[in-house]
Each structure stands twice: as structure tokens, then as C-alpha cells.
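First comes the structure, then the notes that go with it.
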Amino acid sequence: SLAVWFGVIFIRHGLYQDGVFKFTVYIPDNYPDGDCPRLVFDLPVFHPLVDPLSGELDVKRAFAKWRRNHNHIWQVLMYARRVFYKIDTTSPLNPEAAVLYEKDIQLFKSKVVDSVKLCSSHLFDQPKIEDPYAIIFSPWNPAIHDEAREKMLTQKKKPEDQHCKSMHVSGLSWVKPGSVQPFSKEEKTMPT
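For the sequence shown, the positions run 1 to 192 when the UniProt record's numbering is used.
Printed below as a string of C-alpha cells:
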């Protein structure tokens, strides 16, 4: 269905570090004129804004009234990522998580670690619904993955790639060619 999107959030740092949380976004039939999309984690994540039974994230907190020309689905995805870095405990869907965050941060952290481990232990589970577009993880298989990994790490540019590169002018970059450092653009010298 076009109204059901599958996703995964990888948390790199902070309280939820190493978290890999699979989720589904349910877009209303009357989108964009109706209510905001719903975002439901496959397994409930221990978080003040996630319902401990259904796994649904409180998206309405950020989008109380969905405005078709102002709100977009990408904003829902960004909000879902942001809640793991900036914890809000007001009007929680999970009161236990909110109270622990405010009153006993060590116990909160312990429950978060348990939640991250639980989600990781179910990472390779088959999706709950039959859909060819669901995100499916599989364990590392050297027979399949080593070759692809090696190609990505050693891929050399072909001569025709260099020609196409000089024709590519679709945007401004603040990254110097050959670098991954942001704001490392090439310095241009003025002729003297």
C-alpha cells in the first residue's frame, strides 16, 4: 500500500546509542487533508513519548494540526529521530519512562539499554505484515556481503566518470573533492 511506509532509525550517540529501531508510518487515506501520519515502532521503545503497549510515537505533539501546505512526512521522520536526542517528559505516553528520566536517571538508562538490546535481538525477525517493500535485515553472510563490501571500498572511477563529473553542475558543495570534511571547499586564488 502506498499509505504504509517502512523505516528504521539508527541512533549513533546519546542515551539510546546503538539503538536500531524499525518502524512503520501509516499515512491517512485522506492525506494530506486529514490527520497527521502515525509512526509505530515494531517493538515498543522505552521512551516517554512512545506508548508502552502499542509502540506508537506521539507524533501529534509536534503536529497538533496537520497543515497540508506546511507539514510534510519528512518532518515526521526528523521528529522521530530527534526525540531520541532531546527527551521531553511533559504529557508522556509512557509515564513510567518520564518519571524515571526526571527522578532516577540511572534506572532510566538501564531500561533504555534493555530496550535497545530487545530491539537488536529482534532485528532479523520477519516483518509483521506481508509486504514486498518491508525492510528486512539478515545476518552477515560472507558469500553475499563480502564481495559487495569490497566493491564499495575499492571502486575506482572510470574515465567516463571523470568526463561526467566536469559536466555535473547541479549544486554547490562545501566539501573539497577527495575529502569528507564539511566546509572544506577548495580555496580559489585570485590571479596577480
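Built from N, CA and C at the ideal position, the CB exists for glycine as well. These numbers were taken from a predicted model, which means no experiment stands behind them.
State the CB to CB distance for the pair residue i and residue j, rounded to an integer number of angstroms; the pair is presumed to be in contact (CB under 8 Å).
i: G19; j: V116; result: 5 Å
i: V40; j: F23; result: 6 Å
i: L100; j: D58; result: Not confirmed; about 17 Å, so no contact.
Which residues share a DSSP beta bridge with residue i?
i: Y26; result: V4, R38
i: F10; result: V20
i: L57; result: V50
Report yes if the C-beta distance between residue i and residue j is below 9 Å; otherwise report no.
i: A25; j: F6; result: In the sequence as displayed, the identity of residue 25 is Val instead of Ala. Contact flag set, yes.
i: F21; j: D42; result: yes
i: N71; j: P127; result: no
i: D88; j: R61; result: yes
i: W66; j: C36; result: yes
i: P142; j: F124; result: no
Quick one: grab the DSSP three-state call for residue i.
i: residue 194; result: Outside the modelled stretch of the chain, which goes from 1 to 192, sits residue 194, for which no answer is possible.
i: F63; result: coil
i: A102; result: It is worth fixing the name first, because residue 102 is Glu in this sequence and not Ala. Of the three classes helix, strand and coil, the one that applies to E102 here is helix, per DSSP.
i: V83; result: coil
i: I73; result: helix
i: K128; result: coil
i: L15; result: coil
i: A134; result: coil
i: L123; result: coil
i: P92; result: coil
i: D33; result: coil
Between which two residues does the alpha helix (DSSP H) harbouring residue i extend?
i: D146; result: 142–154
What I want to know is whether the C-beta of residue i ends up closer than 8 Å to one or more non-hydrogen atoms of the ligand FAD.
i: D88; result: Of ligands this structure carries none, so the ligand FAD is not represented either.
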